[in-house]
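So the sequence shown is numbered by my numbering: it starts at 14 and just counts up by one. Ideal placement from N, C-alpha and C gives every residue a C-beta, glycine not left out. These notes are about the structure you will find just below.
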Amino acid sequence: MKIDYATESDYPYLIEHDIHIAEELVIPKIKANEILILRDQSQNIGWMRYGYFWDNTPFMNMIWIDSEHRSHGFGKKVVLFWEDLMKQKGYKLVMTSTLANEEAQHFYRRLGYKDSGCLLLENEPLEIILTKSL
């Protein structure tokens, strides 16, 4: 498995699979190097997308591993890869969030993320905000 910055050639894969981002934001995020692609040989098997909370704190928005490639440690590898990139850029803290009814909260806690708050949206489960010091 290899992790690369997404390129414009990954655009069709991303818009087909990532339903949680407006299509017009994908190319700007690719150009800003804010999407990482996971590849198994030449095949895309997932991605990790991030941005910046308050425009100054790296915030992991989305990790996706295609179902047939899950449970092989790829999610952990991409998170650790991203954390290292953020540390190299001088950031001391990273953030993410997950819904309280999702298993991902346990994944992030195993990787050292700490509960740091929550967000309540109408008709939605609690959104847990997690942070990790680098």
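Bounding residues of the beta strand (DSSP E) (the contiguous stretch that carries residue i)
{"i": "K105", "result": "Counting along the chain, K105 falls outside any beta strand (DSSP E), and DSSP gives it neither H nor E."}
{"i": "I16", "result": "15-18"}
{"i": "I34", "result": "From DSSP, I34 is part of no beta strand (DSSP E); its letter is neither H nor E."}
{"i": "Q56", "result": "56-66"}
Residue i and residue j closer than 7 Å at C-beta
{"i": "L98", "j": "S146", "result": "no"}
{"i": "L139", "j": "A113", "result": "yes"}
{"i": "Y65", "j": "N74", "result": "no"}
{"i": "V92", "j": "L124", "result": "yes"}
{"i": "E21", "j": "I50", "result": "no"}
Own chain residues within Cβ distance below 8 Å of residue i, not counting five before or after
{"i": "V39", "result": "Y24, L27, I28, D31, I48"}
Integer Cβ distance of residue i from residue j, believed to fall under 8 Å
{"i": "E59", "j": "F87", "result": "One detail in the question is off: residue 59 reads as Gly in this sequence, not Glu. Contact holds; Cβ gap of about 6 Å."}
{"i": "Y104", "j": "P71", "result": "5 Å"}
7 Å CB neighbourhood of residue i in its chain, flanking five on each side removed
{"i": "H82", "result": "D53, I58, G59"}
Task: Whole beta strand (DSSP E) elements within the region 81-145, 3-residue minimum - done: 106-112, 127-132
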